Amino acid sequence: MQSESGGAGMLVVISGPSGVGKTTIVRSVVDRLPDATLSVSATTRTKTGQDQEGVDYFFLSEDEFMKWVDEGRLLEHANYAGNWYGTPKAPVDELLDDHRIVILEIDVQGGLLVKEREPDALSLFILPPTEETLLERLKGRGRDDEQVIQKRFSEAKREIQVATESGAYDHSIVNDDLEGAIDKACKLILDERARRSGTVNASGA
Ligand code: ADP
Ligand code: 5GP
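Our numbering applies: residue 6 is where the sequence shown begins, and numbers increase by one.
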């Protein structure tokens, strides 16, 4: 893809409500597709015991984050549930120049911004089988307190509505059976890359 943001690689946006299984799916996709790399976002949210600096996120203070915004270092940024999140631009450009598949695991506001700026990005939306399942997963993850869970749950319902109504996502994947969802994500990415390069995806993924 020749885009404003980098060279011949492929940008993939993966969004979905909090707790739907994005991180779980994206990690497996990156393990299975040797050409794929996950972009590491910047955030002002509190680092939890499960987070590693520079691996899960770059954890910034609000002042540092706003400095990155002012310096134009972010491809997109959005406020989600009271915290800032953004995609560092330079590493994405370098990876695209290196012909990599670059995966952005970002919220719907960010997904819409990327689609506006990079219309060639492939965009996938992950859905829960039911709202009840989503709430169970948010609780089951054991990461957030009840107040945060309820905030994320109501944000989730809004995000699903906005994503569906926007028509900005190329495909949706229901994360019911995890392996099935991972297979589908890999297949959509490989098929799209093959389509762009004018070849047939022989992997059967
Ligand atoms: P997100 O990144 O979208 O917030 P996570 O990847 O952290 O979501 O997943 C939330 C929780 O749901 C985790 O505990 C994860 O193990 C679990 N989970 C993910 N996918 C499935 C699935 N298909 N079936 C059951 N549990 C799942
Ligand atoms: P969490 O706090 O659960 O890690 O992430 C909360 C939400 O922020 C998720 O929907 C996640 O996809 C989104 N997110 C993570 N990084 C970014 C980013 O760089 N930009 C945007 N817009 N959203 C992000």
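Yeah, the Cβ is synthetic: ideal placement off N, Cα and C, and Gly gets one too. Just so we're clear, the structure is a prediction, and the values are computed from it rather than from any experiment.
DSSP state of residue 9 mapped onto helix, strand, coil: For residue 9, the predicted model reports a pLDDT of 45, less than 50, meaning its position is unreliable; a value from the coordinates is still stated below. Under the three-state reduction of DSSP, residue 9 is assigned to coil, being neither helix nor strand.
Put residue 111 into one of helix, strand or coil per three-state DSSP. In the structure shown, residue 111 sits in coil (DSSP, three-state: anything other than H, G, I, E or B).
Under 9 Å between C-beta atoms of residue 154 and residue 17: Their beta carbons are not under 9 Å apart, which means residue 154 does not touch residue 17 by this criterion.
Count the other CB atoms within 10 Å of the CB of residue 7; is the residue buried (16 or more) or exposed (fewer)? For residue 7, the pLDDT reaches just 41, beneath the cut-off of 50, and the residue's location in the model is therefore unreliable, although a value from the coordinates is still provided. So residue 7 counts as exposed.
Going by CA-CA distance only, name the one from 76, 180, 67 and 125 that's closest to residue 21. The option with the nearest alpha carbon to residue 21 is 180.
Pairwise C-alpha distance: residue 32 and residue 45: So the alpha carbons of these two residues sit roughly 12 Å apart.
Following a CB-centred definition, is residue 180 positioned closer than 8 Å to any heavy atom of the ligand 5GP? Within the chosen limit of 8 Å, the ligand 5GP does not reach the beta carbon of residue 180 with any heavy atom.
Cβ-heavy atom distance between residue 25 and the ligand ADP below 8 Å? The ligand ADP approaches residue 25 closely enough that one of its heavy atoms is under 8 Å from the residue's Cβ.
Give me whichever residues DSSP pairs with residue 176 in a beta bridge. Within the DSSP secondary-structure output, residue 176 pairs in a beta bridge with 129.
Would the segment 53-70 count as touching the segment 95-114 if we require 3 or more Cβ pairs under 8 Å? Result no; under three Cβ-Cβ pairs closer than 8 Å.
Would you check whether the ligand 5GP has a heavy atom nearer than 8 Å to the C-beta of residue 76? Outside the cutoff, so no.
Could you say which of 42, 162 and 72 lies nearest to residue 138 if we only look at CA atoms? If you compare the alpha carbons of 42, 162 and 72 with that of residue 138, the shortest gap goes to 162.
Helix or strand or just coil, what does DSSP make of residue 65? In the three-state scheme derived from DSSP, where H, G and I count as helix and E and B as strand, residue 65 is classed as coil.
Residue 21 beta carbon near the ligand 5GP (any heavy atom closer than 8 Å): Under cutoff, so the answer is yes.
Report yes or no: do the segment 127-137 and the segment 33-40 share at least 3 C-beta pairs separated by less than 8 Å? Inter-segment contact for the segment 127-137 and the segment 33-40 is absent: fewer than three beta-carbon pairs are separated by less than 8 Å.
Below 6 Å CB to CB, which residues in the same chain sit around residue 140 once its five sequence neighbours on both sides are set aside? Around residue 140, the same chain offers 158 as residues with beta carbons nearer than 6 Å, after the five sequence neighbours per side are excluded.
Can you name the start and end residues of the alpha helix (DSSP H) that residue 164 belongs to? Taken as a continuous stretch (DSSP letters only), the alpha helix (DSSP H) holding residue 164 covers 151-171.
What residue ranges within the segment 6-58 form continuous beta strand (DSSP E) runs of no fewer than 3 residues, ordered along the chain? If we require 3 residues or more, the beta strand (DSSP E) runs fully inside the segment 6-58 come out as 15-20, 41-43 and 46-48.
Give the straight-line distance between the Cα atoms of residue 142 and residue 76, rounded to the nearest whole angstrom. If you take the alpha carbons of residue 142 and residue 76, they lie about 37 Å apart.
Could you tell me the distance, in whole angstroms, from the CA atom of residue 92 to the CA atom of residue 204? Here the alpha carbon of residue 92 sits roughly 30 Å from the alpha carbon of residue 204.
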